[in-house]
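*Asks:*
Residue numbers (this note's numbering): 170 to 515.
Pasting the structure below:
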């Protein structure tokens, strides 16, 4: 499917369904598809991100991923006060980029487009870039310092993995790039190459322990993940905030796209999302089908062993190494900011 068709499907959903939400204020595109040229073909495993803005936070879990007119959409709910006034959006590294260009789908009051224009004017100001980078660093430090070692194993892995992966966002934010989720390591590698800093990339991979994994080994883990994923989607009953990521609609992202990365040589860049998806599947199974969770546990352990993770003490050690590496990573971000021609200097 090309991006024009997917965007039209997204706009149709907003018109038919999005406008029905209480306090609806508008909607805009966000995420990796924003940068795609008109007519570009959607890469395998790519969804179209829609930010749905309402007066107040909506109760319950986010709508998440689903298909509409053949396009895979992901809807995230935002309350107006999360992005207004403009400094609120500019300081938020997850939200600022989505409003840095005109991707408004629907704006019944005109206020969303006015806000977007204000964010766009200041998005590249060095002071805001540095503030967002500092927010990324604080997020990493805070999360890694609060690892709950009493939690179930799959939750421990998740609470280590995600803040470790946020290290890539520090570089992406410094480069004014989208702090993407699934492809964060691939995009960080590209940024480092753009700034002639490729020697920093192995250190980034070492934080997750995937630096020596081969393509064949990663593909083996995708095979195992596919089996676990299919059981989790079939047996899931309890809703989680990530439930739409472990669903038939999300299989092309979790499985097919991981195979594609492994087979084209970007296997190490696939490991983050493979591991995250494994852990989420086990959380679902531990709740809704504990016998199957236990039976499928060896495949998850096999992956983690390849990352050097076999115990809570390994997670602690890896966490300490990542925290110790943050000053060097910050220096790399500083170098990117200094060399970035897109940043507006005071």
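Ideal Cβ placement from N, Cα and C applies to all residues, glycine included.
Note down the Cα distance separating residue 322 from residue 334, rounded to an integer number of angstroms.
*Replies:* By one-based count along the chain shown, residue 322 stands at place 153. By one-based count along the chain shown, residue 334 stands at place 165. C-alpha separation (whole angstroms): 18 Å.
*Asks:* Which residue from 200, 196, 508 and 207 puts its Cα closest to that of residue 362?
*Replies:* Counted from its first residue, the chain shown places residue 362 at position 193. For the residues 200, 196, 508 and 207, the minimum Cα distance to residue 362 belongs to 508.
*Asks:* Answer yes or no: do residue 232 and residue 179 have a C-beta to C-beta separation smaller than 8 Å?
*Replies:* The sequence position of residue 232 within the chain shown is 63, counting from 1. The sequence position of residue 179 within the chain shown is 10, counting from 1. Cβ distance not < 8 Å, so residue 232 and residue 179 don't count as in contact.
*Asks:* Just curious, the alpha helix (DSSP H) that residue 331 is in, first and last residue?
*Replies:* The sequence position of residue 331 within the chain shown is 162, counting from 1. Where residue 331 is concerned, the enclosing alpha helix (DSSP H) stretches over 322-343.
*Asks:* Here's the rule I'm using: 16 or more other beta-carbon atoms within 10 Å means buried, otherwise exposed. How should residue 225 be labelled?
*Replies:* Mapped onto the chain shown, residue 225 falls at position 56. By the neighbour-count rule (16 or more Cβ atoms within 10 Å), residue 225 is not buried but exposed.
*Asks:* Given a cut-off of 8 Å on the beta-carbon distance, is the pair residue 512 and residue 298 in contact?
*Replies:* One-based indexing of the chain shown puts residue 512 at position 343. One-based indexing of the chain shown puts residue 298 at position 129. Their beta carbons are under 8 Å apart, which means residue 512 touches residue 298 by this criterion.
*Asks:* Could you have a look at residue 196 and say whether DSSP puts it in helix, strand or coil?
*Replies:* Within the chain shown, numbered from 1, the residue matching residue 196 stands at position 27. Residue 196: strand per DSSP, three-state reduction.
*Asks:* From which residue to which residue does the beta strand (DSSP E) around residue 234 run?
*Replies:* As a position in the chain shown, residue 234 is number 65, starting the count at 1. Element bounds for residue 234: 233-237.
*Asks:* Out of curiosity, what's the CA-to-CA distance linking residue 469 and residue 173?
*Replies:* To locate residue 469, count along the chain shown from 1; it is residue 300. To locate residue 173, count along the chain shown from 1; it is residue 4. Rounded to whole angstroms, residue 469 to residue 173 spans 38 Å at the Cα level.
*Asks:* Residues bridged to residue 513 by DSSP?
*Replies:* The residue you call residue 513 lines up with position 344 of the chain shown. Residue 513 has 294 as its beta-bridge partners, per DSSP.
*Asks:* For residue 269, count neighbouring Cβ atoms within 10 angstroms of its own Cβ and tell me buried if that reaches 16, exposed if not.
*Replies:* Translated into positions along the chain shown, residue 269 becomes position 100. With at least 16 other beta carbons inside 10 angstroms of its own, residue 269 counts as buried.
*Asks:* Using the C-alpha atoms, what's the distance from residue 506 back to residue 383?
*Replies:* In the chain shown, the residue the question calls residue 383 occupies position 214. In the chain shown, the residue the question calls residue 506 occupies position 337. Distance between the alpha carbons of residue 383 and residue 506 is about 33 Å.
*Asks:* Go to residue 501, then tell me how far its alpha helix (DSSP H) extends in each direction, as first and last residue.
*Replies:* In the chain shown, residue 501 corresponds to position 332, counting from 1. Element bounds for residue 501: 481-508.
*Asks:* When you compare only the Cα positions, how much space is there between residue 210 and residue 203?
*Replies:* The residue given as residue 210 occupies position 41 in the chain shown. The residue given as residue 203 occupies position 34 in the chain shown. So the two alpha carbons sit approximately 13 Å from each other.
*Asks:* Please report how far the alpha carbon of residue 416 lies from the alpha carbon of residue 404, in whole angstroms.
*Replies:* Residue 416 sits at position 247 when you count from the first residue of the chain shown. Residue 404 sits at position 235 when you count from the first residue of the chain shown. About 10 Å.
*Asks:* Would you kindly work out how many angstroms separate the C-alpha atoms of residue 190 and residue 235, rounded to a whole number?
*Replies:* Within the chain shown, residue 190 is the residue found at index 21, counting from 1. Within the chain shown, residue 235 is the residue found at index 66, counting from 1. Near 17 Å, if we compare the C-alpha coordinates of residue 235 and residue 190.
*Asks:* Have a look at residue 132 and residue 381 and give me their C-alpha separation to the nearest angstrom.
*Replies:* Beyond the ends of the chain as shown, which are 170 and 515, falls residue 132; an answer cannot be given.
*Asks:* Who are the Cβ neighbours of residue 374 in its own chain at under 8 Å, not counting the five residues just before and after it?
*Replies:* Looking up residue 374 in the chain shown gives position 205. These residues qualify, in order along the chain: 354, 380 and 437.
*Asks:* According to DSSP, is residue 284 helix, strand or coil?
*Replies:* Within the chain shown, residue 284 is the residue found at index 115, counting from 1. Residue 284 falls in the helix class under three-state DSSP.
*Asks:* Going by CA-CA distance only, name the one from 342, 368, 479 and 440 that's closest to residue 387.
*Replies:* Looking up residue 387 in the chain shown gives position 218. When each option's Cα is compared against that of residue 387, the closest is 440.
*Asks:* Taking the continuous beta strand (DSSP E) assigned at residue 520, which residues delimit it?
*Replies:* The chain is shown from 170 up to 515; residue 520 falls before or after that span and cannot be answered.
*Asks:* Using three-state DSSP, classify residue 127 as helix, strand or coil.
*Replies:* With the chain covering only 170 through 515, there is no way to say anything about residue 127.
*Asks:* Rounded to the nearest angstrom, what separates residue 488 and residue 312 at their Cα positions?
*Replies:* In the chain shown, residue 488 corresponds to position 319, counting from 1. In the chain shown, residue 312 corresponds to position 143, counting from 1. About 10 Å.
*Asks:* Between which two residues does the alpha helix (DSSP H) harbouring residue 360 extend?
*Replies:* Locating residue 360 in the chain shown gives position 191, counting from the first residue. Residues 353-363.
*Asks:* As a quick exercise: from 246, 238 and 301, pick the residue whose alpha carbon is nearest that of residue 260.
*Replies:* For this step, residue 260 is matched to residue 91 along the chain shown. Ranking 246, 238 and 301 by Cα distance to residue 260 puts 301 first.
*Asks:* Going by C-alpha to C-alpha distance, which of 201, 308, 510 and 451 sits closest to residue 407?
*Replies:* The residue labelled residue 407 in the question sits at position 238 within the chain shown. Selected option, being the one with the closest Cα: 451.
*Asks:* For a quick check, are the C-beta atoms of residue 195 and residue 277 less than 8 Å apart?
*Replies:* For the purposes of this step, residue 195 is taken as the residue at position 26 of the chain shown. For the purposes of this step, residue 277 is taken as the residue at position 108 of the chain shown. In this structure, residue 195 lies near residue 277, with their beta-carbon atoms less than 8 Å apart.
*Asks:* Could you tell me the distance, in whole angstroms, from the CA atom of residue 345 to the CA atom of residue 502?
*Replies:* Within the chain shown, the letter at position 176 stands for residue 345. Within the chain shown, the letter at position 333 stands for residue 502. Near 11 Å, if we compare the C-alpha coordinates of residue 502 and residue 345.
*Asks:* Using DSSP with H/G/I as helix, E/B as strand and the rest coil, what is residue 175?
*Replies:* Locating residue 175 in the chain shown gives position 6, counting from the first residue. Three-state DSSP puts residue 175 in a helix.
*Asks:* Roughly how many whole angstroms lie between the Cα atoms of residue 192 and residue 221?
*Replies:* The sequence position of residue 192 within the chain shown is 23, counting from 1. The sequence position of residue 221 within the chain shown is 52, counting from 1. Looking at the two C-alpha atoms, the distance is approximately 11 Å.
*Asks:* Suppose the cutoff is 8 Å on Cβ atoms and the five residues either side in sequence are ignored; what does the same chain contact list for residue 295 look like?
*Replies:* Within the chain shown, the letter at position 126 stands for residue 295. If we look at residue 295 and ignore the five residues flanking it on each side, its Cβ neighbours are 506, 512, 513, 514 and 515.
*Asks:* Quick check: what's the CA-CA separation for residue 170 versus residue 483?
*Replies:* Taking the chain shown and counting its residues from 1, the one referred to as residue 170 is at position 1. Taking the chain shown and counting its residues from 1, the one referred to as residue 483 is at position 314. C-alpha separation (whole angstroms): 43 Å.
*Asks:* Can the beta-carbon of residue 494 be found less than 8 Å from the beta-carbon of residue 378?
*Replies:* The residue labelled residue 494 in the question sits at position 325 within the chain shown. The residue labelled residue 378 in the question sits at position 209 within the chain shown. No.
*Asks:* Please classify residue 447: is it buried, with 16 or more other beta-carbons within 10 angstroms of its beta-carbon, or exposed?
*Replies:* Walking along the chain shown from the start, residue 447 turns up at place 278. By the 10 Å Cβ count, residue 447 comes out buried.
*Asks:* Give the single residue among 465, 284 and 340 whose Cα lies nearest to the Cα of residue 153.
*Replies:* Residue 153 lies beyond the residue range present for the chain, which begins at 170 and ends at 515; the question has no answer from this structure.
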